[in-house]
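Report on the following structure.
Residue numbers (the numbering used here): 659 to 1066.
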C-alpha cells in the first residue's frame, strides 16, 4: 500500500452534482461522500498493534483480562474419521446473547479507562470505534444493498463512532428458522474447534467433551488495537475467535525493545464456516464471501483464518487455513471468480482512507459532545452526515475519567 496519498478530483462533495451508479446525474446531499469516486490512492497503512484486551463472561460481565480467550485445537482426523461432525447438535439449548441490548462502546471505553489508569497516559488516536464499523465502511463500495446508520461524537479531541442499534433492529430482515440454524453452525464450529486453555493445561475430558456442552455466544474475548490508514489514526476493538498457539505476555519483553516485541495479534485466528464447494458457482460465491473474512482479519491484524466446510445439512467435512494477506491475490487469480470478481482489496482500502479522512474533517471538531448521524441508504450513491439533537452515547465512567488529572 506504499505511495504518496492523494485525492481524486472530488473525494467528497458539498451539494455538487454527481453521476449515480445507474448512469444518472444526481444532486449530492450536503455533507456527503460519493462512494463511487471517493478514493485516496496508496494510503499508508499502520501495522495494527494490540494495546489491551478484555473479556465478557457467560453472564456478560466485563473483565479486563483474557479469561474468555480460546485456543485452537482440532485435528483433520477427528473430522474425517467420524464421517462429519453434526453442527446442529445442541441447537435446542443454544444460549444466545440478547442483541437488542445497546452496549454502545462501553466495553471498549472502559477497557481504555483501565489501560490509562495503569499507564497514566491518554490513548492516542483520531477515531475510536469497533472493528465491525470500520469493516462496514471498508466493504461499502462492494456491498451496497443494505443501509446503516452510525452515531459519531467528538470528545476530548477524539471522534467516537458507534452503530445506531435502533435503526439496525428496525430495518434488519427477520431471520427465519434456516438462517438462525446456519448462524448456530458457526458458533458450534467455534466450540468444537477450540479449548479454554493451552492443550497441555487441559484434561483429556475437557478436550473430548467440549462438543457436548451447550453452545453460548455470550462470552467474548476482544482485542483493542492501534492502527491507522493514511492520515487517520484509529483505536479499534474486535472479537477474536481464538489463539493458534499461545498469547505472548508483554511482561516477557523486559528490555521494552520494540524489535523483541511479540505481537499478540500474530497469534490470533478467525474462524468461519462455509458450504462445501461442489461447483464453479459455489467457488465464486465463496471467494466473494472471502471479502468480509479478509476485511475483518486485515483490520485487526489477524494473520490467519480457518474455514470449516460443511454440507447443506450442517455436517462439518473438513477445514482449511487461509493467510489473510494472500486472500486478495487468491481471488484475483482465481478462474472461478473472474470475470465475476466483485471486490478489490486495494480499491476498498483507497475508499476507506477517503472515508475516514472525510469523517475526521467533516464533523466539526469544535462541537464536542454533539452527536452526528452518518447515514447510508440501501443502493445509494452517497454516505451522508448530519447534526442531531441526540444525547452523547459515551459511557459516563469514561467521560468522568478523561476529565480527571492527569487525563484532562
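Heads up, the beta-carbon is just placed ideally off N, CA and C, and yes, glycines get one too. Only a predicted model underlies this, so the values are computations on that prediction, with no experimental measurement involved.
Reduced DSSP secondary structure (H/G/I, E/B, other) of residue i
| i | result |
| --- | --- |
| residue 744 | strand |
| residue 860 | coil |
| residue 922 | helix |
| residue 827 | helix |
| residue 692 | strand |
| residue 901 | strand |
| residue 777 | helix |
| residue 878 | strand |
| residue 732 | coil |
| residue 1033 | strand |
| residue 960 | coil |
| residue 709 | strand |
| residue 994 | coil |
| residue 927 | strand |
| residue 1001 | coil |
| residue 933 | strand |
Per DSSP, the bridge partner or partners of residue i
| i | result |
| --- | --- |
| residue 843 | According to DSSP, residue 843 bridges with nothing at all. |
| residue 886 | 704 and 891 |
| residue 1041 | 691 |
| residue 721 | 713 |
| residue 794 | According to DSSP, which records beta bridges pairwise, residue 794 is partnered with nothing at all. |
Sequence-distant residues of the same chain with beta carbon closer than 7 Å to residue i, five excluded per side
| i | result |
| --- | --- |
| residue 797 | 949, 950, 953 and 1006 |
| residue 868 | 849, 850 and 853 |
| residue 760 | 823 |
Beta-carbon spacing of residue i, residue j below 8 Å
| i | j | result |
| --- | --- | --- |
| residue 744 | residue 972 | yes |
| residue 708 | residue 921 | yes |
| residue 792 | residue 957 | yes |
| residue 1040 | residue 806 | no |
| residue 976 | residue 737 | yes |
| residue 753 | residue 874 | yes |
| residue 785 | residue 808 | no |
| residue 1014 | residue 890 | yes |
| residue 923 | residue 883 | yes |
| residue 961 | residue 931 | no |
| residue 901 | residue 729 | yes |
| residue 702 | residue 1003 | no |
Per-residue burial, residue i [other beta carbons within 10 Å of its own, 16 or more giving buried]
| i | result |
| --- | --- |
| residue 851 | buried |
| residue 985 | buried |
| residue 1016 | buried |
| residue 959 | buried |
| residue 1010 | buried |
Sequence-distant residues of its chain with Cβ nearer than 8 Å to residue i (five each side left out)
| i | result |
| --- | --- |
| residue 724 | 711, 713, 879 and 905 |
| residue 1053 | 762, 763, 764, 767 and 768 |
Chain-order list of residues whose beta-carbon lies under 6 Å from that of residue i (same chain, five-residue window excluded)
| i | result |
| --- | --- |
| residue 814 | 1060 |
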